[in-house]
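In my numbering, the protein residues as written are 27 to 228. What follows is a short report on a single structure.
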């Protein structure tokens with residue numbers, strides 16, 4: 027199994043990401059997408075991700091991710107969650123990713139988005155945990171019903187942007203929009219008019 031490699035702007039001291047723009051996050055998602063499968067495929071196959079996304083080199087830090095899809099997952103408050111990405115200094119070169127398979131196996135779209143979201147934590151957050159190792163235990167959880175604070179948590183916002191960039195890349199959306207506009211004889215524009223959007227039913 028080859029390593030998934032990625033790089034992005036980060037602190038030289040803490041290895042934490044600096045304030046990345048959405049475009050920078052999407053670019054990292056494209057780097058990773060190209061290593062997980064064909065970047066031009068409309069649907070990125072995430073089945074077997076535990077085998078394809080097990081080894082990483084991100085910003086020069088090498089580590090492994092150990093995935094678990096078989097158990098109920100709970101956060102530090104003992105609440106059921108969709109997924110958790112954790113680091114413990116007892117396994118200093120590994121990040122643990124738990125996906126709540128029993129809850130998500132009946133909802134393929136939610137399962138795919140949770141896997142992609144947790145992969146975002148593995149890519150963006152794990153290098154700092156592993157490089158600095160200041161905390162004995164770190165956990166980020168994907169809540170079933172996130173509160174308002176989660177919407178502004180930089181780690182969660184970044185993981186969500188990564189998820190979108192991985193599963194629905196802007197470049198593919200643009201191609202689809204342009205095809206749809208051409209098929210419907212609409213004016214081609216980077217900034218669609220409200221009339222064109224109404225004609226498309228958007």
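Built from N, CA and C at the ideal position, the CB exists for glycine as well. All figures in this text were calculated on a predicted structure; none of them were measured in a lab.
Asked                                                                                                                                                    : Found
Secondary structure at residue 105, three-state DSSP: helix, strand or coil?                                                                             : coil
Return helix, strand or coil for residue 139, following the three-state DSSP convention.                                                                 : helix
Buried or exposed for residue 209, please, with buried defined as at least 16 other CB atoms from any protein chain shown within 10 angstroms of its CB. : exposed
Taking only three categories from DSSP, how would you classify residue 112?                                                                              : strand
Over what stretch of residues does the beta strand (DSSP E) that includes residue 122 continue unbroken?                                                 : 120–125
Using the beta-carbon count (16 or more within 10 Å), is residue 44 buried or exposed?                                                                   : exposed
Should the region 95–114 be regarded as contacting the region 148–159, the criterion being three or more beta carbon pairs within less than 8 Å?         : yes
Using alpha carbons as the reference points, say which of 30, 31, 50, 39 lies closest to residue 185.                                                    : 50
Give the DSSP bridge partners of residue 83, in chain order.                                                                                             : 31, 88
Taking the continuous alpha helix (DSSP H) assigned at residue 76, which residues delimit it?                                                            : 75–78
Based on Cα-Cα distance, which residue from 34, 194, 52 lies nearest to residue 139?                                                                     : 194
Would you say residue 127 and residue 188 are within 7 Å of each other, going by their C-beta atoms?                                                     : no
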